[in-house]
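For the sequence shown, the positions run 1 to 176 when UniProt numbering is used.
C-beta atoms are modelled at their ideal positions from N, C-alpha and C, and glycine is treated no differently.
Here's the structure we're looking at; comments come further down.
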Amino acid sequence: MSASVVVAIDTADSPERRPAGGEAATSHASARQEEGDTMTDAREVRDKYTAAFNVHDMDALLRTVSPTGVTLSPEGLSQGHEELASYIEQFWEAFPDVYAMVVESFDAGDVVIDELLMVGTHKGPYMMPDGQVITPTGRPVSLRCCYICTVENGLIVSLRLYFDQLELRTQLGFPC
């Protein structure tokens, strides 16, 4: 299988360039499309997911995910819309200003891989993968993540999220 590689550093969505209301800028894929490049359907779906995540629009986000979709992260496994919504809403509560900046993207057919930088402020309770609840610290977080997303029939059926748990704990002031 050959993979086309797309590299995009989304500086338009950096904290210094975000609109006053905190809304995320247009995704990097939209910019590529305007330049006349071809996007895969998988990339388009993944970019809609990221855009919805960035403006905290759960309905729009769930429209990109299969009702039977599976999400795997360090926090655990989520199956279906209800569990995914619960997981993401907990994250949005802990980091109410969180947004994802795409650093690099790789497309391979129905699979999209994004290296992301999740940026936000810890303002609500956050449950770590080990079950420990960390009360709000007010600390800024800039967490490197990787999403591997599989799309079928225009919907995300599998989303695997990886991040360094020690990096997150350290940024929150709770190193191991």
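Going by C-alpha distance, which of the options is nearest residue i?
| i | options | result |
| --- | --- | --- |
| V119 | R139, V111 and F106 | R139 |
| H56 | S86, V112 and V151 | S86 |
| S142 | D59, Q90 and E167 | E167 |
| S73 | L172, P175, L159 and F174 | L159 |
| G131 | S66, E75 and T71 | E75 |
| R169 | I134, A51, Y49 and Y147 | I134 |
| M101 | L62, Y147, Q90 and V45 | Y147 |
| C145 | L155, L161 and A42 | L161 |
| V70 | V112, G173, D164 and I156 | I156 |
| P123 | F163, Q90, L77 and V112 | One point to set straight first is that residue 123 is Lys, not Pro, in the sequence displayed. For K123, the nearest C-alpha among the options comes from Q90. |
| G173 | T137, G154 and T150 | T137 |
| D97 | V45, T121, A60 and L62 | T121 |
What does DSSP give as the partner residue(s) for residue i in the beta ladder?
| i | result |
| --- | --- |
| L166 | L166 is not bridged to any residue. |
| A94 | Note: A94 sits in no beta bridge, so no partner. |
| A100 | M118 |
| T150 | V111 and S158 |
| G143 | The sequence given here places Leu at residue 143; Gly does not occur at that position. Note: L143 sits in a beta bridge opposite M118. |
By DSSP, does residue i sit in helix, in strand, or in coil?
| i | result |
| --- | --- |
| G120 | strand |
| G76 | strand |
| T137 | coil |
| M127 | strand |
| V45 | helix |
| T71 | strand |
| L62 | helix |
| R18 | Low local confidence applies: a pLDDT of 38 at R18 is under 50, so the model's placement there is unreliable, and no value is given. |
| Q132 | coil |
| H56 | coil |
| L84 | helix |
Our contact map puts residue i next to residue j with C-beta atoms below 8 Å; I'd like the distance itself, whole angstroms only.
| i | j | result |
| --- | --- | --- |
| T64 | G80 | Actually they are not in contact, since the Cβ atoms of T64 and G80 sit about 14 Å apart, beyond 8 Å. |
| D107 | E152 | 15 Å between Cβ atoms; not a contact. |
| residue 235 | A94 | In the structure as shown, the chain starts at 1 and stops at 176, and residue 235 therefore has no counterpart that could be examined. |
| V112 | C149 | 5 Å |
ask   = Is the stretch 77-85 touching the stretch 40-56 in the sense that three or more CB pairs, one from each, lie closer than 8 Å?
value = no
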